[in-house]
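Right, one structure below, let's go through it.
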Amino acid sequence: MSNIDELTERAEKARGKKAAFGPDIPLESYTSNAPAHKKILTLKTLPSNYQSQSLGVGIDAKEDERSGSYFQLDTSVVYSKTSAQDVEVLSVTEAFEKYDWLKDYWWKTVAVDADKYTAQAALNFSNGYFIRAKAGTKTILPIQACMFLAQESLSQNVHNIIIAEEGSEMHIISGCRTADELSHGIHVGVSEFFIKEGAKCSFSMIHNWGPEVAVRPRSGIIVEKDATFINNYVCLKPVQSLQMYPTIRCVGENATALSYSLLYATEGSHMDVGARVILEAEQCKADVIARTITNGGEIISRGNLTALHGDVKGHLECRGLMLGDHGRIFAVPELDGAVPDVDMSHEAAVGKIAEEEITYLMTRGLSEDEATSAIVRGFLDIEIKGVPPALQEEMRRAVHTTEGMGL
Amino acid sequence: MLDIQNLHVEVDGKPILKGLDLKVNEGETHALFGQNGSGKTTLVLTIMGFPRYHVSEGRILFKGEDITHLPVNERARLGIGISFQHPPAIHGVKLKDLVDIAAKHGAQPFNTEEVAKTINISPDFLTRDVNFGFSGGEVKRTELLQLLAQNPDLVLLDEPDSGVDLENIELVGETINKLLDRDKRLRKRRKSGLIITHAGGILKIVKTDRAHVLVDGKIACSGNPGELLNDICELGYEECVKCQI
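Chains as they are written, first to last, in this note's numbering: chain A, 1128 to 1534; chain B, -10 to 234.
Have a look at this one:
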């Protein structure tokens, strides 16, 4: 049996398999088919409302300060381009045509039969991106990739491959969103990352879904010797159900994984988000930091550090802020040390804004609402180490443009 | 400027101020002495309008207007400013942003960096999160910076010299003098102040017009600041309590 046949068979068997976490989404109520969209020559020819909506998730149609772009509309890859030497941005379909070896990276970090969503991505595959930084190439300007969902009731099932070869550096900003008018849809995204020896890769994902949209990303990351992976996730807009729990494996000596999540859940939103880091070699390091806010929604903030090797270090931090009288934040920090000589810690705190902080700002002339907003923005304003200033600014902008924050 | 009449205040149901009367005229600065727990901080936080401090009786007039039930920010906009003894640290809110916010209501041109330099606050320091990891002295100087930006007509200062090192005490005192128009001639003074001080050290630099001793939620004694302070230093607060009985 060929490898592809075997994967298909395993996926078939997992078609109805519920995920370990998150409410079960009936995939039958979605279609995986969408009319094809034509390719475009520049992002500036996208409909202007799509351009402005994409800007909110860090995708700049003018491509200023970007070294590459990928834009997928529903199931069609309408644009892919790179301006950096030795960095490739292609659709995975094109990449498969070009590189026979790509099969060695396909379903290697995420199990095809992990659950019904991975099965869906395998059985009803609707493309995805392939981003590769060749060995030794360093690109500071980010590469932007947008998954845009516009077709009503579509299940967008993508599978992305990201390879940072030996000694390379690249920064990716991945913006995902639904068109304003879309009411019902699901995004299933498998992403597999390979951060090779001495490489550095940051991946900043800004999500903006709709109140009737379900989201099930499935990511696996392998970080080799002396390599660094930085994972940033921002979701501050309503979403019906979002569940993701990427697994980062630090497999080589001195590999580093940093994960930062900023979540804001309004009433009706359910977010079950976290990151798991497995430290498998000496001197591996991990930081998993989450800042979560509920204003009526439900957030489950997970974090797991597992040490399989001695002489490793890791820290988990889940801080949650409760605004208003409703909502729930459930922080689940887990430390799993299977060997001696590990140094792992966690801190978790959930509570409302201290009244004295609000009053203090009010003494300088801010109204109660303005004071609350300033504290909320400050709570989310974390300094992310290792990303270029432009990306840090993009994340800050996502926080500052969230209307009604804290009100 | 400030006229407090028969003020009764409760905190979490416990009476703290029990019929306090106090008047501070335009251009005057008063000192407030008292033992720990006598109600000094309660008084200034009540004047500022902190919601935890419940006025059960009496009223507070500011510039002739009854402000007893106004929210904190409206009192700030009317011209009341405060320097806290222990302000909260707020993650992610930068000192400079807060000073700029205060300056918006200050109705005067204000260059944050330049004024900060005059009270030994570097531009780097301005980018730090408010009060986060600040030393006692840094807290006091940054509180004063916010007040300079805010330019209030009535300044409430809660132990403005505690934690300030000797090197900066004169600077803090002179800054307060500026805030309170004490560097101007008597007839030109428009600002009023109320300074809480336990030990009275700051009064060597900041000259006050009148002083009051607070005992068990009431003004027990009022008079010349120097004389009152001398009495307290020589006889202790215990004597004030006895004197009142």
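Glycine included, C-beta positions come from ideal geometry on N, C-alpha and C.
{"query": "Looking at Asp1463(A): is its Cβ nearer than 8 angstroms to the Cβ of Asn1431(A)?", "result": "yes"}
{"query": "Keeping to the same chain, check which residues put their C-beta closer than 6 angstroms to that of Lys1412(A); ignore five residues upstream and five downstream.", "result": "Thr1383, Lys1440"}
{"query": "Taking C-alpha atoms, which residue in Gly215(B), Gly38(B), Asp198(B) lies nearest to Gly16(B)?", "result": "Asp198(B)"}
{"query": "From Ala20(B) to Ile184(B), what distance separates their C-alpha atoms?", "result": "5 angstroms"}
{"query": "When the Cα atoms are used, what is the spatial distance from Asp1187(A) to Ser1181(A)?", "result": "7 angstroms"}
{"query": "Looking only at C-alpha atoms, which of Lys1323(A), Gly1379(A), Gly1451(A), Arg1304(A) sits nearest to His1314(A)?", "result": "Arg1304(A)"}
{"query": "Identify, in the order they occur along the chain, each residue of the same chain with its Cβ nearer than 8 angstroms to the Cβ of Leu1488(A), setting aside the five sequence neighbours on each side.", "result": "Glu1497, Ala1498, Ala1501, Ile1502"}
{"query": "For Thr1499(A), would you say it is in contact with chain B, using Cβ-to-Cβ distances shorter than 8 angstroms as the test?", "result": "no"}
{"query": "Assuming Ala1211(A) and Ser1194(A) make a contact with CB atoms under 8 angstroms, what is their CB distance in whole Å?", "result": "4 angstroms"}
{"query": "The beta strand (DSSP E) spanning Ala1458(A) covers which residue range?", "result": "1455 to 1464"}
{"query": "If you drop the 5 nearest sequence neighbours on each side, which residues of the same chain put their C-beta closer than 6 angstroms to that of Gly1316(A)?", "result": "Val1285, Pro1344"}
{"query": "Taking a cut of 8 angstroms between CB atoms, which residues from the segment 1481 to 1493 of chain A lie near chain B?", "result": "Ala1481, Glu1482, Glu1483, Glu1484, Thr1486, Tyr1487, Leu1488, Met1489, Thr1490, Arg1491, Gly1492, Leu1493"}
{"query": "Less than 8 angstroms between the CB atoms is what I'm expecting for Gly68(B) and Leu137(B), so what's the real figure, rounded?", "result": "Contact flag wrong, Cβ pair sits at about 14 angstroms."}
{"query": "Identify the contact partners of Arg1429(A) in chain B, using a Cβ-Cβ distance below 9 angstroms as the criterion.", "result": "The premise fails here: Arg1429(A) is roughly 22 angstroms from chain B at the closest Cβ pair, so nothing lies under 9 angstroms."}
{"query": "Using alpha carbons as the reference points, say which of Leu11(B), Lys3(B), Glu(-1)(B), Phe22(B) lies closest to Glu227(B).", "result": "Phe22(B)"}
{"query": "Listed from N- to C-terminal order along the chain, which residues in the segment 68 to 81 of chain B have their beta-carbon within a distance smaller than 9 angstroms of any beta-carbon of chain A?", "result": "Ile69, Gly70, Ile71, Phe73, Pro76, Pro77, Ala78, Ile79, His80, Gly81"}
{"query": "Taking CB distances under 8 angstroms as the criterion, tell me whether Val104(B) reaches chain A.", "result": "no"}
{"query": "Assuming Leu1281(A) and Gly1302(A) are in contact, meaning their beta carbons sit under 8 angstroms apart, how far apart are those beta carbons, in whole angstroms?", "result": "So it is not a contact: roughly 18 angstroms between Cβ atoms."}
{"query": "Taking Cβ positions only, does Arg1523(A) come closer than 8 angstroms to chain B?", "result": "no"}
{"query": "Bridge partners for Lys167(B) per DSSP, in chain order?", "result": "Answer by DSSP bridge pairing: none, since Lys167(B) is not bridged."}
{"query": "Can you tell me the Cα-Cα spacing of Val1526(A) and Gly1185(A), whole angstroms?", "result": "12 angstroms"}
{"query": "Within 8 angstroms of any Cβ in chain A, is that where the Cβ of Arg66(B) sits?", "result": "yes"}
{"query": "Does DSSP put Glu103(B) in a helix, a strand or coil?", "result": "helix"}
{"query": "Hey, quick one: how far does the alpha helix (DSSP H) through Ser1179(A) stretch, first residue to last?", "result": "1175 to 1182"}
{"query": "If you measure between the beta carbons of Pro1365(A) and Gly1395(A), is that distance less than 8 angstroms?", "result": "yes"}
{"query": "Distance check for Ser1207(A) and Leu1200(A), CA to CA, integer angstroms please.", "result": "12 angstroms"}
{"query": "Just checking: is the beta-carbon of Pro40(B) within a distance shorter than 8 angstroms of some beta-carbon in chain A?", "result": "yes"}
{"query": "So with CB distances below 7 angstroms, who are the chain A contacts of Lys93(B)?", "result": "Gly1492"}
{"query": "Any Cβ of chain A within less than 8 angstroms of the Cβ of Ile165(B)?", "result": "no"}
{"query": "Shortest alpha-carbon distance to Leu59(B) belongs to which of Val1415(A), Gly1492(A), Ser1253(A)?", "result": "Gly1492(A)"}
{"query": "Can you round the beta-carbon distance between Ser1218(A) and Lys1261(A) to whole angstroms, since I take them to be within the 8 angstroms contact cut?", "result": "No, Ser1218(A) and Lys1261(A) are not in contact; Cβ-Cβ is about 18 angstroms, not under 8 angstroms."}
{"query": "Please identify the residue among Gln1271(A), Thr1264(A), Ala1306(A), Gly1255(A) whose C-alpha is closest to the C-alpha of Ala1277(A).", "result": "Ala1306(A)"}
{"query": "Can you tell me where the alpha helix (DSSP H) with Ser1280(A) in it begins and where it stops?", "result": "Neither: Ser1280(A) is in no alpha helix (DSSP H) and is coded neither H nor E."}
{"query": "Residues of chain A with CB closer than 8 angstroms to the CB of Leu87(B), please, in chain order.", "result": "Leu1488, Arg1491"}
{"query": "Could you give the residue range of the beta strand (DSSP E) that holds Phe1330(A)?", "result": "1327 to 1335"}
{"query": "Check whether the segment 1226 to 1245 of chain A and the segment 1344 to 1360 of chain A touch, using three or more Cβ-Cβ pairs below 8 angstroms as the test.", "result": "yes"}
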